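Numbering-wise, the sequence shown is residues 1 to 209 according to UniProt numbering. Glycine included, C-beta positions come from ideal geometry on N, C-alpha and C. For clarity, every value in this text was computed on a predicted model and none was experimentally measured.
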Amino acid sequence: MFKNTFQSGFLSILYSLGSKPLQIWDKEVVDGHVKRCHDDDIQSNVLEVVGSNIQSTYITCPADLSATLGIKLPFLVLVVKNVKKYFSFEIQILDDKNVRRRFRASNFQSVTRVKPYICTMPLKMDEGWNQIQLNLADLTRRAYGTNYAETLRVQIHANCRLRRIYFADRLYSEEELPPEFKLYLPVQHEKFASAIVVVCRKSTVNYFR
Numbered sequence: 001m002f003k004n005t006f007q008s009g010f011l012s013i014l015y016s017l018g019s020k021p022l023q024i025w026d027k028e029v030v031d032g033h034v035k036r037c038h039d040d041d042i043q044s045n046v047l048e049v050v051g052s053n054i055q056s057t058y059i060t061c062p063a064d065l066s067a068t069l070g071i072k073l074p075f076l077v078l079v080v081k082n083v084k085k086y087f088s089f090e091i092q093i094l095d096d097k098n099v100r101r102r103f104r105a106s107n108f109q110s111v112t113r114v115k116p117y118i119c120t121m122p123l124k125m126d127e128g129w130n131q132i133q134l135n136l137a138d139l140t141r142r143a144y145g146t147n148y149a150e151t152l153r154v155q156i157h158a159n160c161r162l163r164r165i166y167f168a169d170r171l172y173s174e175e176e177l178p179p180e181f182k183l184y185l186p187v188q189h190e191k192f193a194s195a196i197v198v199v200c201r202k203s204t205v206n207y208f209r
């Protein structure tokens, strides 16, 4: 999709306030829903992915299963809400050996497991809104001893709320982020806030520690 596109800075693949947030995504729903709803914490519309079985309810990008994203930017950032249920997401990448690898993070796993074509990792999220940052180049090198080439597919499983998913050429501080990439929490909904607004907390994917 983006293979022949000049890539630098930020490349967003999902934004909940867009006119068609799932324009380049497909969805699979069994005993659940994928819909836009209002989030009271940020007083804004978000995309909600909910299902009784996380494996059977998800969104996947690109929508065409035979297509690939072709995104070479090495950092993936998800602005996601912890809804206190099982949640996982998966990234499929291509390395410099032309091998497809998958990285799956979930909040119900306690240890990292590396197999030839898939690496599964525990995900620790704070309460409320989180910013999940993945260094795909570092992850590929640590897990497989190869170099990250590009991201082929992103798949988000139930259960969560999403504000934005984007790739970046590096990690940016909150001050460097464009306003539309920040998630502001109104102070009345943030118990420990002392400023007018605070930005969502960063969560961690605990791989190889």
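Point to revise | Burial state of His157, where buried means 16 or more other Cβ atoms lie within 10 Å | key: That one is buried.
Check your understanding: In terms of residues, what are the limits of the alpha helix (DSSP H) holding Tyr144?
Key -> Tyr144: member of the alpha helix (DSSP H) spanning 136 to 144, first to last residue.
Practice item. Can you have a look at Leu65 and say buried or exposed, based on whether 16 or more other CB atoms are within 10 angstroms of its CB? Key: With fewer than 16 other Cβ atoms within 10 Å, it is exposed.
Exercise for review: Within 10 angstroms of the Cβ of Gln188, are there 16 or more other Cβ atoms? Answer buried if so, exposed if not.
Suggested key: Because the pLDDT of Gln188 is 42, which lies under 50, any placement of that residue in the model is unreliable, and the number read from its coordinates should be weighed accordingly. Answer is exposed; the Cβ neighbour count stays below 16.
Review point. What three-state label does DSSP hand Phe167 in the structure shown?
Key: Note: Phe167 maps to strand in three-state DSSP.
Point to revise | Buried or exposed (CB count within 10 angstroms, at least 16 for buried), Arg163 | key: Buried, since its Cβ has 16 or more Cβ neighbours within 10 Å.
Check your understanding: Is the shortest distance between the beta-carbon of Phe75 and the beta-carbons of chain C less than 8 angstroms?
Key -> Judged by its chain identifiers, the structure shown contains no chain C, having just a single protein chain.
Point to revise | Counterpart residues of Met121 in DSSP-defined beta bridges | key: Ala105, per the DSSP bridge assignment.
Check your understanding: Gln131 and Val79: beta carbons closer than 8 angstroms?
Key -> For the pair Gln131 and Val79, the CB atoms are nearer than the 8 angstroms cut-off.
Check your understanding: If Ile24 and Ala63 are in contact, beta carbons under 8 angstroms, what's the gap, nearest whole angstrom?
Key -> Rounded, the Cβ-Cβ distance is 6 angstroms, consistent with contact.
Point to revise | Buried/exposed call for Leu171, threshold 16 Cβ in 10 Å | key: By the Cβ neighbour-count rule, Leu171 is exposed, with fewer than 16 other Cβ atoms within 10 Å of its own.
Exercise for review: Just mark Gly9 as buried or exposed, buried being the case when its beta carbon has 16 or more other beta carbons within 10 Å.
Suggested key: It counts as exposed.
Practice item. Tell me whether Phe87 sits in a helix, a strand or coil according to DSSP, three-state version. Key: Coil at Phe87, not helix or strand.
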